[in-house]
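In this note's numbering, the protein residues as written are 285 to 480.
C-beta: ideal position from N, C-alpha, C; glycine also.
Please read these numbers as outputs of a predicted model, since none were measured by experiment.
Read the structure below first, then the notes.
The following block contains the structure:
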């Protein structure tokens, strides 16, 4: 599947995403702290199954980024009223982090940190369907922790989530995993004033 560099939050963040994305803000209102897309692709089992959400959140006061990403995954399960959720794995690409000790840092020396990644499954009933008809939603999540940057020096959690329900074809799962990994590897913060 082809990808292209996509501008997020007015160009403050750039990331490689599929060319066939539909920006949900063109259809309905999306909070300023989010970018939401669906994939319009015949490569998936059902059109528009894949959703991609990028959120700018206040940094959690957990002991590690691994604890933070688990919290965000559990929070998503709660928001989705999931009957069950399971983390399949968490891992990182690198140990670098963006850190500032000032509440108003000079940002020209900062580089985008490497994310912590998570893969999991949640059982979610959508559209008022009974629990017995719950979708098995495969979830990929990436967390970039920005210590001391944004939120009056409290820090920022930048979270990218991909959701794909009811995957029955292994090649679709593999293709979506590659899309997620590409996004996680290529996301770059180019305007740190987004977090000011």
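Residue 357 carries a helical assignment under DSSP once its states are collapsed to helix, strand and coil. DSSP places residue 462 in the helix class (H, G or I) of the three-state scheme.
By the neighbour-count definition (other C-beta atoms within 10 Å, threshold 16), residue 397 is a buried residue. Secondary structure of residue 340 (DSSP, three-state): strand. By the Cβ neighbour-count rule, residue 303 is exposed, with fewer than 16 other Cβ atoms within 10 Å of its own. Taking a C-beta distance under 8 Å as the contact criterion, residue 420 and residue 450 qualify as a contact pair. Residue 364 carries a coil assignment under DSSP once its states are collapsed to helix, strand and coil. With respect to residue 472, residue 298 sits close: the two C-beta atoms are nearer than 8 Å. Looking at 439, 422, 345, the one whose alpha-carbon comes closest to that of residue 364 is 422. A Cβ-Cβ distance of about 19 Å is found for the pair residue 376 and residue 338, leaving them out of contact under the 8 Å criterion. Around the C-beta of residue 320, 16 or more other C-beta atoms lie within 10 Å, and the residue is accordingly described as buried. Taken in chain order, the region 403–427 contains no complete beta strand (DSSP E) segment of 3 residues or longer.
With contacts defined by Cβ atoms closer than 8 Å, residue 322 and residue 309 do not form a contacting pair. When rounded, the separation of the alpha-carbon atoms in residue 366 and residue 405 is 10 Å.
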